[in-house]
Amino acid sequence: MNLIILLAIAFGGALITYFLGKISQKIRDIFAVFISLALAVIAACFYNVSSREIYYTGFLDFPFVLRVNTFSWFFAVTIAVIGLFSIIFSLNYIRKRGNTDFYYSMMLLVIASMIGIVLSGDLVSFYIFWEIMSWSTFLLISYNRGPAISAGMKYIIMSVTGSVVMLVGIVSLYLHYDTLVYTELSGLLNNASSGYILFIIILFFIAFGVKNAIWPLHVWLPPAHSEAPSPFSSVLSGILIKIGTYGIILLIFVIIQINVFLNLGEGILSVRYIISIIGVITILIPTFIALLQDDAKRLLAWSTIAQAGYIILGIAYGTSESVAGGMFHFFNHAIFKSLLFMVVGAVEYRTNGVRDLNSLGGLIKKMPVTFIGGLIGICGLIGVPLTNGFVSKWLIYKTLILNNSPFLAFAALLGTWGTILYSYKLIHNMFLGQLPEKYEKIKKAPFSMQLPIVILSLAIIFFGIIPGLPLHVINSIESGFGMEPLTINIWGIASDTGTINMLNIFTAVLVIGIMVWLIFKVSKKSTVIGQYDNYAAGTTVPKDKYNYSVNFYDPLCRMISPYLKDFIDDFYMSLARSIKNTGNGIRRIYTGDVGHYVIYIILFLALLIFIQINWELW
Amino acid sequence: MDRNKLGKWLQSPGKMGQKYSLHALYFCTGCGIIEIPPTITARWDAERFGVIPVATPRQANLFLITGYVSVKTLRPIIRSYEQMPEPKFTVGFGSCPINGGMYWDSYNTIKHLDKYIPIDGWIAGCMPRPEAVFVAVTHLWTLIDKGMADGYKKYREDYHYYRENQEKILGKLEWPPLFSSKKM
Amino acid sequence: MNHTGTSLKENLLSYFDDILVEISDEHRLTISCKKDSVITILSSLNRNGYNHLALISCVDWIKDNELELVYIISAYTEDSEKGKMNILVKTKIAREKPELLTVMSIYENAEPYERELHELYGINFKGHPRLIPLLLEREYEIPPFRKDFDTRKYVQDVFDKIPFVEDKKGRK
Amino acid sequence: MVMNTILEIIIIILLAAIIGLFFLGLSRKIMARIHWRYGPPIAQPVIDIIKLFNQTSMSHGKLFNFGIIFSLSGSVVVLLFLPLGEMCPLSSSGGLLVILYCMLIAPLGLALSGGEAANPITSIGISRKFLLAFGYELPLLLILLTVMTHFNTISIVDIVNMQLQTGWSFQHLPLLLSGIAYILILPAILDLRPFELIQAPQEISSGPMIEYGGKFLALATIQHAFNVFISLSLFTNLFLGGAENPGYFFLKMLIVFIILLFVNAVTPRFRIEQAIKFLWRWPALLAFAGLIIVSVTG
Amino acid sequence: MRELELYFGPQHLGMVGNFSITLNVEGDRIVKATANPGFLHRGFEKLMEQRTWIQNFPLVCRINVVEPDHMELIYAMAVEKLAGIEVPERAQFIRSIYLELARVGSHLFGLWAYANMLGFDTVANWAMYHRDLVLDLFEEITGGRVYHIYIWPGGVRRDFPKGFKDKIINTLHTIGSCVPDYDDTFFNNRIFYKRSKDIGKITHEEAKRMGAVGQVLRATGMKQDIRKIEPYAAYDQVDWEIPVRTGGDAYSRIWVVRDEMIESVRMILKLLDKMPEGEVYNKIPNPFKWNIPDNEAYVRCESSRGELGLYLVSNGENKPYRAHFRTPSYNHGLTILEKALENESIADVGNIMISLYITAPEIDR
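Residue numbers (this note's numbering), protein chains in the order written: chain A, 1 to 618; chain B, 1001 to 1184; chain C, 2001 to 2172; chain D, 3001 to 3298; chain E, 4001 to 4365.
So this is what it looks like as structure tokens:
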């Protein structure tokens, strides 16, 4: 199988979908699912294949290189699978909206461009796919119109700023080394001065940081995630922002090489520490802000930023365990965050667009499968043992502690406890508590929504009990980067500094759970009662009014909210305003009168002559 | 007091448990509540008999109806009683729930509490002393032992009649019947 | 007879002409007035420093077919003479469809008293924000505190008629 | 080998249940004596549990049942990670970090179960529970990190073994600070005054327990007993040298518990925000100082 | 946005008395509180119209179960006023001593309730124990622990038994010697301060506007006490002080209660010293044929909660024509409570309610 064929299917499928939609909706739906399924299958076939294909385009002598190895395979498969599930999820979700052809083709285009990014072998093709992805994402974010357009604008402005900065970096690299192919670059950069490497890192880091929503470049993310259609939110949060992660890994491990990276700077001021600290800040602040959110998707959006912080922390810290943890967390986060967005989307679908956490409640009785999905999702998010999030976080913490960085570990752990607070709030306010009367007749989510939810929740448990499978892949990626591999087995990690064995824990939980359940079962049977037979100090339970969800963590929020104003966002907005004002000022120069322009030109020539006479610059 | 006899515990743990762990629902239905704090605090200390007040009906198995019951109080009493898990025991405290007592001609107190919920025992007097609570508790032990504290069974059997009486006083009750009565 | 009481009496009589003021007891001043002038009298008392409404009571004079409302006013003061004064402002209204203006604008704490009288005597206080039941659960045909409401007969009719569950079972 | 492990597991669970329930009974007795009362028999919690199992109960749904089972089994699993002398059946499965995470399961289970009960007071109780947990986790994380950094291991068995060689953790200055901080937050973990605001019967009528009756309450009581054992045993293992012999181990736990009871007797309960402020001030400050000293001295 | 309606009472462990407050809550702040009384309504005043003057004594003391003695006193005073009966000097002293003992007992009950509300079991147990000691004294003179029916028109039912004076002094010394313990563990406790400071705050102006009396008023800085303004019994015979605080919050109210309790103990000791010898009882007419002339009376006294008044009307028959009690809890519980609860935390509902010293039966009657 050829890589170019894969890309051709991806891009061609996107295009054909649009035109198929003009013929029949049904055929288009089936075709979209088929294309994404094909992508997932084909991508999976590249396992353990390592190839590199060079196509000459004849354009400015830049080679167009596609390559696949375990690293890009890992990302490509994740992208294709999550893309498949969100396409399936879209089937019902998007049906009643307008402009569905456009939606599907854009969705496939985003997936195709992401696959293109991870398969590209040089920075030019990387940049081209990157721009396709940015713009198609922009179109999808603003799909819902209304507030979505401003969210999309925010996204695209930041994204374009990022890619321009990246372009500067790419041009600079090309000027220095005359090549943009990864494999050639990596050897050359070894000998560069550390100042130049730092310059490159900063340039690229801004671009990838915008995409990965690293604090303080995160401001586009909350509105974009909450305003985008839910299936796309799960793509956005699950994989799209992880393209930024891909870029960072590419930068640190492929282009620059890990040993060069680790030796940049000394002690607490080394680049690795600074990026780790930025990662920790990215964990902490968004976690607390997520606590204050009342919109389910916005809460998840802030949570996405916080989880991205773990990934950055793991990758930037640079030990083989932490990098494994970071990459594993990327994988896990793709699963549980897209699951959670799908859960919210299913609720949103059934309640006609309600995602305000203060007005839902009690839906567990009506949508049990969705609830279980949500429950497993938040367990993964928190990192409860036996879910996949646990192992990745454990790896990061362990290496932080044993390498004497307890404060980083502390901040990361504290973020987890914040995660418990907001994720319980999410699940409680949507599914638990009293069911409002107006939702008495609600139906459970349709099959096309339940299927991805069920599969993804099973995946969370599966990879939680058998973390060895993805860790094995990650191990081979790491050895490809020239790092020391971990000692892993199928059930966990066995090293002399600390072992983890999920099988033991799983067996213990299972056996003890069954024992307790038996005790529960043997003792007197309990009668099942409804939600109105409830303690209300002796009075009857008032309908609709007996539910605690507004300001769930009021005492804490009162304490912390004064410190958590989103000042970064305010900063950007004031920056935007001042740029607009400057623009207005500049526009005043262009009066439209030819006479004025003549004066400008004469003044400019006079200035040039004046400079020439005085300093003789040219 | 046969609390320390292991043999009895092995023979009928349920009964013994109910005897020595009477959790009283804390509900100030009337002026009798004034003698409950002395009963549970330092002077008399009901906890040595395993009697402690609890906050919600779900955790309680003893309902001390302390004093007269006005029409407005009857509703929460019925609600709380029905929410208690079985086996549950009720004790009327003071003369007023027995036959109206001092308020026999008041238009707003119900006179005979046992018309509305079953009562397992009475403590007469106005006000009964805290010692009387202990006498009642020890007497209740005997009743439990002999299987005569069966108010909750009666309530289950004759729920239809009780509900009818309750609705005569309180009008239509908001909650659905606790047991589906077969004898309707 | 104390000085404060007599001076207050003179003061009131000079302002209002259709009222009857008598000093019944030491420190007890009784003012009888028409139902329309209650508000003005009370507000003038309030201005004079008698700012504590102790009680609003009602007596059912069934023989005269009248309800008598009694507002008992005293003063928050550390002046001992004034503090001793208790002023009873009385007014009579008809028993059928009794109506009166609320005095909540003058004394804020009149709210529960008026609610209670509305419930127990059936007096309608105009301008009261929430004349909802305060104490009672059941509806009574005659407001229960009126003299023609016979509680003993009511008890016989309602509570005594409810059968014991054992009796009922026996009969069936 | 396997038989040995199974035997160990059974012994640990039984021992923890007995000690935990004994502590619950003892606390009632000692509190009674401080109140100038005679107090219930020490076995009163057991009597209560026997009664509760013989009562009917009301359930609000499947999650209501599942939550309580989940919670209790979570507590029991934590027990298997804690070394009790030589016995530590799951010592090889992750160490202190796993204990930290497994301790999450119990409150999460209760929270899920309570959430299904559709009672706002339960939700308020859960909200308080999580907030208080957030309050004490901050110092607790610092304390555990101090210990782990000091001994440079994440395995609790190693920590206990090293203490056998170098003496109790309490003897080293940074760990002394953390130990004091741990004692300050222990009442919050054990739901004792001044932090007894999760159930707070006079405020929110026993909070998350509000809809529990019969076997639910019995399982919740047993879970609480395990929780008492776990928290005390963790403290003893980390700071008081663990268990060189079961008798000493029990004695150490008892002494700590009685100190806590005395504090319990002479303080009213905090409001939740005051509790968080307190926990984030003194214990966190002490623990922070400890962590700084440890990380500076290496 | 979903509203939340919570119920504090009637069946609630923090509720002292059968009373209910409906709370509209947002987060853990109370937006609006509505008092819902009436669970204890027995129609006392209606029942009194059907019983003779003397038969009413057992009835009136049941209006307020925490402190029945002031109810007896106010009814006796009203009857004395209507019928023109004099009370002997010694009886006045005995009444004062008896009422002050009742006040100590009632304040100890309040302390129990407040300590219990804050979860302070130890102090609660001690306070209840000490109240029992006071009740023992009552039991010795009257034969009843809670309801005594000791005060009678024309005096008191019987004189103090022999050696009773020493017993009173003994008991008071026992209680008084524990005051430092109470101070150390409770009143000077930092957490008590934190829990009650600035909670349920009422300014002086608001208190006046909404008819506050008793501790609630005195905690806002006003020295108002019926015992001083319009002395009854023997309160003008001895010197005593009115304890006042200026905070207007729960903290000040509880401290006023504490100071008042200590002042009462001092007052009892002074009264015991000054007590004259003599009759304790003036004869009244045959109770079965006792018609009181056509008249009306409004009398008031200072109960342990504040101003207690009785408006009593007679139409010349052997029964009262109309009786209406002005009870201190009425305005505290129905007007001030709703105001004081606004914008407070749900953790402080019981705290505020008990610090306002509300007893439900007084409201409902």
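Here a beta-carbon is modelled for each residue, glycine too, at the ideal position from N, C-alpha and C.
Output needed for L556 (chain A): all residues of its chain with C-beta closer than 8 Å, excluding positions within five of it in sequence on either side, in chain order.
Around L556 (chain A): L291, L421.
Among all the DSSP beta bridges, which residues are the ones paired with G4306 (chain E)?
Answer is E:S4303.
Considering only C-alpha positions, which residue in the set E:D4181, E:I4191, E:L4101, E:A4233 is nearest to W4126 (chain E)?
E:D4181
For S2007 (chain C), count neighbouring C-beta atoms within 10 Å of its own C-beta (all shown protein chains included) and say buried if the count is 16 or more, exposed if not.
exposed
Under a Cβ-count criterion, where at least 16 other Cβ atoms within 10 Å of its own Cβ denotes burial, should L4082 (chain E) be classed as buried or exposed?
buried
Tell me, please, which residues DSSP counts as bridged to T4034 (chain E).
E:T4022
Taking any Cβ of chain A, which residues in the stretch 4137 to 4149 of chain E have a Cβ under 7 Å from it, in chain order?
none
Close Cβ partners of L3097 (chain D) (< 7 Å) along its chain, the five nearest in sequence each way excluded
I3154
Integer-rounded CB distance, given that I4021 (chain E) should sit under 8 Å from N4343 (chain E):
At roughly 15 Å, the Cβ-Cβ gap does not stay under 8 Å, so N4343 (chain E) and I4021 (chain E) are not in contact.
Anyone know if the C-beta pair for G468 (chain A) and I488 (chain A) falls short of 8 Å?
yes
Which chain E residues are close to N352 (chain A), counting only those with a beta carbon under 7 Å from its beta carbon?
Going along chain E, no residue has its Cβ under 7 Å from N352 (chain A), so there is no contact; the nearest lies around 17 Å.
When every heavy atom of the ligand SAM is checked, does at least one fall within less than 7 Å of the C-beta of V65 (chain A)?
Absent from the structure shown: the ligand SAM. Ligands present: none.
Using a cut-off of 8 Å between C-beta atoms, extract the partners of N1165 (chain B) located in chain C.
Here the neighbours are I2162, P2163, V2165.
Is the CB of Y103 (chain A) under 8 Å away from at least one CB in chain B?
no
Against chain D, does R4258 (chain E) count as a neighbour if the rule is that its beta carbon must be under 8 Å from one of theirs?
no
DSSP on I1077 (chain B), reduced to helix/strand/coil?
helix
Grab the span of the alpha helix (DSSP H) containing E4279 (chain E) for me, first residue to last.
Premise fails: E4279 (chain E) is in no alpha helix (DSSP H) and is neither H nor E.
With 8 Å set as the bound, which would you pick, yes or no: does the beta-carbon of W3036 (chain D) sit closer than that to a beta-carbon of chain B?
yes
Report the option in A:V522, A:N92, A:Y317, A:I239 whose CA atom is closest to the CA atom of P406 (chain A).
A:Y317
Shorter than 8 Å from the beta carbon of W1175 (chain B) to some beta carbon of chain A?
Between W1175 (chain B) and chain A, the shortest Cβ-Cβ separation is below 8 Å.
Grab me the residues of I3204 (chain D)'s own chain with a C-beta within less than 7 Å of its C-beta, minus the 5 sequence neighbours each way, in chain order.
I3121, I3124, G3125.
Can you give the beta carbon distance from I376 (chain A) to I460 (chain A), rounded, assuming they're within the 8 Å contact cut?
5 Å
Straight-line Cα distance separating M133 (chain A) from S113 (chain A):
5 Å
Quick check on the burial criterion: 16 or more other C-beta atoms within 10 angstroms. Buried or exposed for H1023 (chain B)?
buried
Name the chain B residues whose beta carbon is nearer than 8 Å to that of Y535 (chain A)?
T1056, P1057, R1058, Q1083
Residues of chain D with CB under 9 Å from G318 (chain A), in chain order?
The premise fails here: G318 (chain A) is roughly 19 Å from chain D at the closest Cβ pair, so nothing lies under 9 Å.
Distance between beta carbons of L180 (chain A) and L630 (chain A), contact taken as under 8 Å:
Nothing can be reported for residue 630 (chain A): it is not among the residues displayed for chain A, which extend from 1 to 618.
Count the other CB atoms within 10 Å of the CB of M2001 (chain C); is the residue buried (16 or more) or exposed (fewer)?
Caution applies to M2001 (chain C), whose pLDDT of 48 falls short of 50 and renders its modelled position unreliable; the value that the coordinates give is listed next. Label assigned to M2001 (chain C): exposed.
Closer than 8 Å at the beta carbon, the chain H residues around K1072 (chain B)
This model lacks chain H altogether; the protein chains it does include are A, B, C, D and E.
Simplified DSSP assignment, three categories, for Y546 (chain A)
coil
Are the stretch 1064 to 1077 of chain B and the stretch 1102 to 1120 of chain B touching, with three or more C-beta to C-beta distances below 8 Å?
yes
Which residues does DSSP list as the beta-bridge partners of R4322 (chain E)?
E:V4313
Is the beta carbon of G238 (chain A) closer than 8 Å to that of I82 (chain A)?
yes
Residue ranges of each beta strand (DSSP E) run of no fewer than 3 residues wholly in the stretch 2053 to 2141 of chain C, ordered along the chain?
2066 to 2074, 2086 to 2094, 2099 to 2101, 2124 to 2126, all fully within the stretch 2053 to 2141 of chain C.
Rounded to the nearest angstrom, what separates R4157 (chain E) and G1094 (chain B) at their Cα positions?
Using only the alpha carbons, I get a separation of about 25 Å.
Go ahead and label A3287 (chain D) buried or exposed: buried means 16 or more other beta carbons lie within 10 angstroms of its beta carbon, across all protein chains shown.
buried
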